[in-house]
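Residue numbering for the sequence shown is 78 to 376, as defined by my numbering.
Take a look at the structure set out below.
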Amino acid sequence: MTSNAVKKLGTFWILVKDTAMAWADEDPFGKSAIISYYTLFSLPSLLMIVAWIAGSIFGVDAVRGKIANKLGEYIGGEASEAIESMIVNASVNEGSTITVIISVSMLLFGATGVFVRLKMAMNDIWQVESKKKVWLQTILDRLISFGMVLVLGFLFLVSLLLTYILRIVSDYIDNFAPTIADVAASVFSYLLPFVVITGLFGALFKLLPDINIRWKTTLLGASLTTILFLVGEFGLNYYLTQSNPASIYGGASSVVLIMLWVYYTCLILFFGAEFTHQYAVYTDEKVGPSEKGQSKTKK
Numbered sequence: 078m079t080s081n082a083v084k085k086l087g088t089f090w091i092l093v094k095d096t097a098m099a100w101a102d103e104d105p106f107g108k109s110a111i112i113s114y115y116t117l118f119s120l121p122s123l124l125m126i127v128a129w130i131a132g133s134i135f136g137v138d139a140v141r142g143k144i145a146n147k148l149g150e151y152i153g154g155e156a157s158e159a160i161e162s163m164i165v166n167a168s169v170n171e172g173s174t175i176t177v178i179i180s181v182s183m184l185l186f187g188a189t190g191v192f193v194r195l196k197m198a199m200n201d202i203w204q205v206e207s208k209k210k211v212w213l214q215t216i217l218d219r220l221i222s223f224g225m226v227l228v229l230g231f232l233f234l235v236s237l238l239l240t241y242i243l244r245i246v247s248d249y250i251d252n253f254a255p256t257i258a259d260v261a262a263s264v265f266s267y268l269l270p271f272v273v274i275t276g277l278f279g280a281l282f283k284l285l286p287d288i289n290i291r292w293k294t295t296l297l298g299a300s301l302t303t304i305l306f307l308v309g310e311f312g313l314n315y316y317l318t319q320s321n322p323a324s325i326y327g328g329a330s331s332v333v334l335i336m337l338w339v340y341y342t343c344l345i346l347f348f349g350a351e352f353t354h355q356y357a358v359y360t361d362e363k364v365g366p367s368e369k370g371q372s373k374t375k376k
């Protein structure tokens with residue numbers, strides 16, 4: 078190992094250590110618990126809108142099942158079935174124009190709630206706050222949060238399209254080189270989730286807080302966050318297979334599993350956001366409040 082590599086490892090360790098200390102000071106456990114609670118009310122609307130966006134090509138019913146199956150890989154089949162039921166119940170049924178408008182408005186309001194809370198937590202990490210009037214900032218926060226919902230839907234749509242294209246290419250290659258097709262499919266099955274999740278985390282780090290920061294910096298922090306998220310997935314799945322939440326929580330076990338998964342995800346997300354903050358400080362990047370933000374005043 079060269080001296081340059083040793084130096085980089087030492088720098089990385091210092092960044093991780095500083096990140097852990099700053100992360101612990103930001104009360105990540107309390108904030109994650111709050112967002113887990115908000116997610117229970119936002120998740121059905123959020124996933125319904127994602128299903129609408131991706132369903133414009135593949136069909137809402139098909140995408141709804143895909144979402145439930147994908148989440149089932151992280152939180153188990155029982156909880157994913159509960160989520161699919163939530164999406165169905167969040168659907169807007171036919172009715173009068175006023176009824177539909179009210180239903181859609183409530184759907185959008187519910188879907189953006191969790192991102193509003195995430196924005197507040199991100200601003201705390203960067204020590205910034207809004208400088209707009211309360212009512213105007215509320216509207217802006219909801220618009221930005223709705224933008225994040227659209228980003229989430231777009232990323233899910235892209236992942237479905239790429240999976241569909243891969244299936245076509247794999248079937249073609251399988252006719253004359255089945256081994257290569259199997260290897261390519263295996264690599265892609267790991268690479269695609271990494272790219273999509275990194276893109277989502279990067280968008281959260283870039284767009285939610287009221288700061289000006291480069292995409293390069295946010296994507297670096299997002300990559301580390303994704304690695305921690307995917308590694309932690311195995312630990313969470315191991316816990317779920319070794320324990321039996323249903324024996325403790327009974328009929329509420331699905332809700333508990335969803336909150337547990339969101340709680341863990343938020344802890345990792347806040348750690349990644351803090352790492353991005355520490356990296357920006359280390360590289361002397363001129364990160365400052367955006368036009369709609371200002372440095373937080375000390376109380």
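The beta carbon of each residue, even a glycine, is placed where N, CA and C say it ideally should be.
Small disclaimer: the values here were computed from a predicted structure and weren't measured.
Discussion item. Alpha carbons only, please: which of F89, S162, A198, G136 is nearest the one belonging to E103?
Written reply: Walking along the sequence shown from the start, residue 103 turns up at place 26. Per the Cα distances, A198.
Discussion item. Which residues does DSSP list as the beta-bridge partners of P366?
Written reply: Start at 1 with the first residue of the sequence shown, and residue 366 comes out as number 289. DSSP lists I288 as partners of P366.
Discussion item. Taking 6 Å as the limit between beta carbons, can you name the residues of its chain near F306, skipping five residues before and five after?
Written reply: On the sequence shown, residue 306 is found 229 positions in, with the first residue counted as 1. Cβ within range, chain order: I345.
Discussion item. In whole angstroms, give me the CA-to-CA distance for F70 and T302.
Written reply: Past the boundaries of the shown model lies residue 70; the chain is included only from 78 to 376, so the question cannot be answered.
Item to complete: Take K373 as the anchor and find which of W338, A139, G279, E206 has the nearest alpha-carbon.
Response: Numbered from 1 along the sequence shown, position 296 holds the residue referred to as residue 373. Minimum Cα distance to K373 is reached at E206.
Worksheet item: Pick from E161, F271, N81: whose alpha carbon is nearest that of I335?
Response: The count along the sequence shown starts at 1 and reaches residue 335 at position 258. The candidate whose alpha carbon is nearest that of I335 is E161.
Practice prompt. Check each candidate in E158, T360, A299 and name the one with the smallest Cα separation from F282.
Written response: Here residue 282 refers to the residue found at position 205 of the sequence shown. With distances taken between Cα atoms, F282 lies closest to A299.
Discussion item. Considering only the alpha carbon of each residue, which of Q355, G365, E362 lies closest to W90?
Written reply: Here residue 90 is taken as the residue at index 13 of the sequence shown, counted from 1. Checked all of Q355, G365, E362; the closest Cα to W90 is Q355.
Worksheet entry | Beta-carbon gap between A159 and V140 smaller than 8 Å | Translated into positions along the sequence shown, residue 159 becomes position 82. Translated into positions along the sequence shown, residue 140 becomes position 63. Contact: no.
Discussion item. Is the beta carbon of V191 closer than 8 Å to that of Y315?
Written reply: The count along the sequence shown starts at 1 and reaches residue 315 at position 238. The count along the sequence shown starts at 1 and reaches residue 191 at position 114. Taking 8 Å as the Cβ cut-off, Y315 and V191 do not qualify as a contacting pair.
Worksheet item: Which whole-angstrom value describes the C-beta separation of G309 and Y341, a residue pair presumed to lie in contact below a C-beta threshold of 8 Å?
Response: Here residue 309 refers to the residue found at position 232 when the sequence shown is read from its first residue. Here residue 341 refers to the residue found at position 264 when the sequence shown is read from its first residue. Contact flag correct, Cβ pair sits at about 6 Å.
Worksheet item: Which residues bound the beta strand (DSSP E) around E206?
Response: The residue labelled residue 206 in the question sits at position 129 within the sequence shown. First-last of the beta strand (DSSP E) with E206: 205–207.
Practice prompt. Pull up the distance between the alpha-carbon of I144 and that of D201, whole angstroms please.
Written response: Start at 1 with the first residue of the sequence shown, and residue 144 comes out as number 67. Start at 1 with the first residue of the sequence shown, and residue 201 comes out as number 124. Rounded to the nearest angstrom, the two C-alpha atoms are 31 Å apart.
Worksheet item: Is there at least one non-hydrogen atom of the ligand GDP closer than 7 Å to the beta-carbon of S266?
Response: In the structure on display, the ligand GDP does not appear, and there are no ligands present to speak of.
Worksheet item: For L120, is the classification buried or exposed, using 16 other Cβ atoms within 10 angstroms of its Cβ as the cut-off for buried?
Response: For this step, residue 120 is matched to residue 43 along the sequence shown. Buried, since its Cβ has 16 or more Cβ neighbours within 10 Å.
Worksheet item: For L117, which residues from the same chain have a beta carbon less than 8 Å from its beta carbon, with the 5 sequence-adjacent residues on both sides left out?
Response: Your numbering for residue 117 matches position 40 in the sequence shown. These residues qualify, in order along the chain: V332, I335, M336.
Discussion item. In whole angstroms, give me the CA-to-CA distance for T295 and D259.
Written reply: Here residue 295 corresponds to residue number 218 of the sequence shown, with the count starting at 1. Here residue 259 corresponds to residue number 182 of the sequence shown, with the count starting at 1. One C-alpha to the other measures close to 33 Å.
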